[in-house]
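Working notes, structure below.
Numbering (my numbering), first residue to last: 708 to 814.
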């Protein structure tokens, strides 16, 4: 949730200071990280408990695999179909990754 909110605020700021396309590109970059992370969370945390240890491990593996494949597919789809500024898109993706990392340290 924090990744999404931070990305939204930064993209609005970029949209006001530069142009709408740069703000949109940044926000799409943020979504390219947030959406696969949500999918991973849904996959990975379906099972709990010591008796379901193998199911937990399998769901983590499956969730990470789907996350990586979804991220790649979304990058390709966005680059081919949506008019974006690629460096700004990639910076949005990296900022979302960085906020995810910092969030795990801070919280």
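All C-beta atoms in this analysis are idealised placements derived from N, C-alpha and C, irrespective of residue type, glycine included.
query = In whole angstroms, what is the alpha-carbon distance linking residue 749 and residue 742?
reply = 11 Å
Identify, in the order they occur along the chain, each residue of the same chain with its Cβ nearer than 7 Å to the Cβ of residue 804, setting aside the five sequence neighbours on each side. 740
(message) For residue 720 and residue 730, what's the separation of their Cα atoms in angstroms?
(response) 7 Å
By how many angstroms is the C-alpha of residue 797 removed from the C-alpha of residue 836? What is shown of the chain runs 708 to 814, which leaves residue 836 out entirely.
Check your understanding: Is it right to say residue 737 is buried, meaning 16 or more other beta carbons lie within 10 angstroms of its own, or is it exposed?
Key -> buried
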